[in-house]
Ligand code: SAH
Ligand code: SF4
Ligand code: F3S
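Now the structure itself:
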């Protein structure tokens with residue numbers, strides 16, 4: 236039996252489903268609690284220091300199971316296994332397995348070895364796409380489908396290219412087959428995943444081709460993707476988004492900063508003006524499109540004026556939501572060689588100001604929907620109140636309403652109330 240705990244981004248959640256699929260195919264059973272497991276895996280993230288600190292603490296807790304049941308195997312998989320292989324060896328000696336993002340194929344074999352030694356699979360393989368590995372998804376109306384792995388952009392703050400290796404895409408035909416199978420099994424919405432998802436190219440087809448091919452699959456009602464890079468948002472991709480009614484009017488478009496000087500040092504490859512022109516063009520072509528973003532505060536050399544520019548951009552774009560982070564220096568990246576000169580207290584203060592601003596804007600953007608009817612893809616019963624259902628609007632906002640409504644159906648909901656995070660109403 237295997238128990239897997241997942242940290243980090245949606246790509247890691249999808250990798251956990253793939254790891255689970257490969258182990259189920261070898262006869263393992265999945266369990267929901269570490270007490271029940273012969274194999275305990277922690278699928279980890281390396282994006283910020285606190286992600287790694289959390290895992291070290293968790294490994295100490297999980298090691299208890301090895302003390303009470305010595306046959307238990309404890310493994311660390313994912314980005315942190317790749318990034319901190321050496322400190323994991325010394326600081327987490329209870330760990331039996333270290334498997335990086337390109338080593339999951341070897342996991343069953345490594346688990347078969349019972350010599351008590353530390354086993355590792357940490358070689359990055361630019362050809363590994365896992366296209367042939369079965370994915371064990373939790374059943375639901377939405378399926379996350381990895382279409383490309385790795386990243387070639389090397390933004391100066393980011394560890395991802397070092398831990399996930401070079402960019403590579405899965406073949407279009409394999410993806411179309413998989414989405415068809417998902418549709419046959421009842422999936423209504425697919426979310427394509429990749430670190431620069433819109434850079435997808437399999438040698439023949441590009442991301443626009445993938446969107447159009449998916450549009451043609453019966454049974455799929457909604458298509459989303461994350462995260463696109465602003466520079467890869469080509470005219471072909473925008474045309475495909477505008478032409479395909481199943482592609483939802485919602486886009487996560489990470490900006491990181493709204494200072495050209497900072498963007499240049501981050502090697503993001505666009506200016507603030509180019510980013511805003513892109514937002515305007517998307518708003519013209521895709522009416523009602525909702526944007527979300529990622530922002531880092533306190534990047535090396537970020538001045539009060541740089542920060543003020545970022546604050547002002549949020550006010551102009553009016554994102555539906557934003558993921559806001561304090562800069563965390565990552566060993567191995569280019570920015571790690573620079574002076575991390577914004578004091579932590581100042582980073583915290585800047586972060587708090589952005590959080591407060593975004594909370595206000597999210598509330599305003601959501602309250603503007605009160606009185607309108609929105610099409611909600613129903614996911615299932617809400618945790619509370621009793622009898623209510625929950626789902627997502629086209630803009631990917633959570634909507635709740637009293638039922639009855641079946642999971643997988645799309646219903647019209649008249650919005651009556653809104654918070655910064657949720658819309659609620661009743662069936663129209
Ligand atoms: N591939 C995506 C994002 C991947 S990581 C993209 O290109 O946008 C998700 C987010 O984490 C990033 O957008 C960035 O805002 C944040 N992040 C990455 N490295 C970071 C670091 N060293 N410190 C703080 N935040 C970071
Ligand atoms: Fe990291 Fe930049 Fe690649 Fe995104 S595009 S994963 S931020 S290097
Ligand atoms: Fe973290 Fe790896 Fe994702 S570093 S954000 S789990 S790609």
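In the working numbering, the protein residues as written are 236 to 663. Note that CB positions come from ideal geometry on N, CA and C, so glycine has one too.
If only uninterrupted alpha helix (DSSP H) runs of at least 4 residues are considered, none is enclosed by the stretch 560 to 592. Here the alpha carbon of residue 474 sits roughly 8 Å from the alpha carbon of residue 520.
In the DSSP annotation of this structure, the continuous segment of the alpha helix (DSSP H) that includes residue 470 starts and ends at 470 to 478. The C-beta distance from residue 238 to residue 268 rounds to 7 Å, short enough to fall under 8 Å. Looking at the DSSP output, residue 270 sits in no beta bridge, so it has no partner there. By the criterion of a C-beta distance shorter than 6 Å, residue 371 is surrounded in its chain by 252, 255, 256 and 259, once the five residues flanking it on both sides are discounted. Here residue 627 is buried: its Cβ has 16 or more other Cβ atoms, across all protein chains shown, within 10 Å. In this structure residue 348 is not in contact with residue 335, their Cβ atoms being roughly 18 Å apart against a cut-off of 8 Å. When secondary structure is reduced to three states using DSSP, residue 465 falls in the helix class.
Scanning the stretch 331 to 388 from its first residue to its last, the whole beta strand (DSSP E) runs of 3-plus residues come out as 332 to 334, 354 to 356 and 377 to 381. For the 7 Å CB-CB criterion, residue 514 and residue 495 do not form a contact. Inside the stretch 599 to 647, DSSP marks whole beta strand (DSSP E) runs of 3 or more residues at positions 608 to 616, 623 to 627 and 633 to 637, from first to last along the chain. For the pair residue 497 and residue 586, the CB atoms are not nearer than the 7 Å cut-off. Non-local C-beta neighbours of residue 636 in its own chain, meaning closer than 7 Å and more than five positions away in sequence, comprise 623, 624, 648, 659, 660, 661 and 662, ordered along the chain.
Less than 7 Å divides the Cβ of residue 277 from the Cβ of residue 311. Residue pairing by DSSP puts residue 659 in a beta bridge opposite 635 and 652.
Environment of ligand 2, chain-ordered: 386, 388, 389, 390, 393, 395, 396, 430, 431 and 464, taking every residue with Cβ within less than 6 Å of a heavy atom.
The C-beta distance from residue 653 to residue 605 rounds to 6 Å, short enough to meet the 8 Å contact threshold. Between the beta-carbon of residue 360 and that of residue 407 there is about 21 Å, and that puts the pair past the 8 Å contact cut. Residue environment for residue 545: buried (at least 16 other C-beta atoms within 10 angstroms of its C-beta). Per DSSP, residue 427 lies in no alpha helix (DSSP H); the unbroken beta strand (DSSP E) holding it starts and ends at 424 to 428. As DSSP reads the structure, residue 527 sits in a beta bridge with 487 and 556. Assignment of residue 307 by DSSP, reduced to helix, strand and coil, places it in the coil class. Short note on residue 563: C-beta closer than 6 Å to some heavy atom of ligand 1. Placement of the Cβ of residue 383 at a distance of 6 Å or more from every heavy atom of ligand 3 is found. Ranked by Cα distance from residue 338, the options 499, 352, 368 and 453 are led by 368.
Relative to the Cα of residue 558, the nearest Cα in the group 536, 592 and 543 belongs to 592. Here the C-alpha atom of residue 263 lies approximately 10 Å from the C-alpha atom of residue 272. When the five nearest sequence neighbours on each side are left out, no beta carbon in the same chain lies closer than 8 Å to the beta carbon of residue 412.
For residue 541, the shortest C-beta to heavy atom distance toward ligand 1 is 6 Å or greater. Taking one beta carbon from each stretch, the stretch 371 to 391 and the stretch 418 to 429 have 3 or more pairs nearer than 8 Å; the two touch. One Cα belongs to residue 656, the other to residue 631, and the distance between them is close to 11 Å. Counting C-beta atoms within 10 angstroms of its own C-beta, residue 484 has 16 or more neighbours from the protein chains shown and is therefore classed as buried. Under the DSSP assignment, residue 288 falls in the alpha helix (DSSP H) whose first and last residues are 284 to 297. Our two residues, residue 639 and residue 646, have alpha carbons roughly 10 Å apart in a direct line.
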